[in-house]
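Sequential numbering of the sequence shown, starting at 555, is according to our numbering. For every residue, glycine included, the Cβ atom is placed at its ideal position computed from N, Cα and C. Note that the coordinates shown come from a computational prediction; the quantities given were computed from them, not determined experimentally.
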Amino acid sequence: MPGGEYVRGYARLVRALAPKLLGMPRLHVVYRSISPPHTACHLSQRPVYPAPPPDAGPTPAWGWDRFPALDQLWQHELDTLAPHGLGPAGGRVGWLDIREMAGQRPDAHLLGVEGGDCMHWCGVAVPGEWVRMLWEMVGDEP
Numbered sequence: 555m556p557g558g559e560y561v562r563g564y565a566r567l568v569r570a571l572a573p574k575l576l577g578m579p580r581l582h583v584v585y586r587s588i589s590p591p592h593t594a595c596h597l598s599q600r601p602v603y604p605a606p607p608p609d610a611g612p613t614p615a616w617g618w619d620r621f622p623a624l625d626q627l628w629q630h631e632l633d634t635l636a637p638h639g640l641g642p643a644g645g646r647v648g649w650l651d652i653r654e655m656a657g658q659r660p661d662a663h664l665l666g667v668e669g670g671d672c673m674h675w676c677g678v679a680v681p682g683e684w685v686r687m688l689w690e691m692v693g694d695e696p
């Protein structure tokens, strides 16, 4: 699918869905940014800290290179509809940005017979941290 049409279609989805979610009374909406892929994760032996190097692998046809743009669509729409973190129906709106943190763990992907599975995670290590962060956000209810 051509990049422009892919992003435009996703933008239509975000613009249609966000107002419906934020219109639900007292619903706490938390958007988690899209986890970055690591196109050569099978070559990694340990976490990359303090910052991961740029992913220089070939861009798969699945649109991984567009993930930051898709996150920006959600961020813009949520900021527009709930500028102070409160939706129009009284629910809270949160943004859980895991991109930088997850980018440091190319070593934590599943490995299959054909090599790395660059979008899925082993065990609970990385997604477990996302859940802890989410609990902190949800537990911060007034």
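Classify W675 as helix, strand or coil using the three-state DSSP reduction. strand
Could you give the distance in angstroms between the alpha-carbon of H674 and the alpha-carbon of G558? 26 Å
Other residues of its chain near C672: CB distance less than 7 Å, five sequence neighbours each side excluded: P591, H592, T593, C595 and H663
Buried versus exposed call for G641 [16 or more other C-beta atoms within 10 Å across all chains shown]: buried
How close, in whole Å, do the beta carbons of S589 and L650 come, if the pair is a contact with beta carbons under 8 Å? That pair is no contact at about 11 Å.
Three-state class that DSSP yields for L571 in the structure shown: helix
If we ignore side chains and look at the alpha-carbon of each, how far apart do G639 and G648 end up? 7 Å
For P601, I'd like the list of residues in its chain whose CB is within less than 7 Å of its CB, leaving aside the five on either flank, ordered along the chain. Q658, R659 and D661
Along the beta strand (DSSP E) that carries R586, what are the first and last residues, could you check? V583 to R586
Pick helix, strand or coil for V602, following the three-state DSSP scheme. coil
Out of P604, R620 and R646, point me to the one whose CA is closest to R524's CA. Only positions 555 to 696 of the chain appear in the structure, and residue 524 is not among them; the question remains open.
If you compare alpha carbons, which of Y585, A615, R646 and V685 is closest to L627? Comparing Cα-Cα distances from L627 to each of Y585, A615, R646 and V685, the minimum goes to Y585.
Collapsed DSSP secondary structure at W616 in the structure displayed: Taken through DSSP and simplified to helix, strand or coil, W616 comes out as coil.
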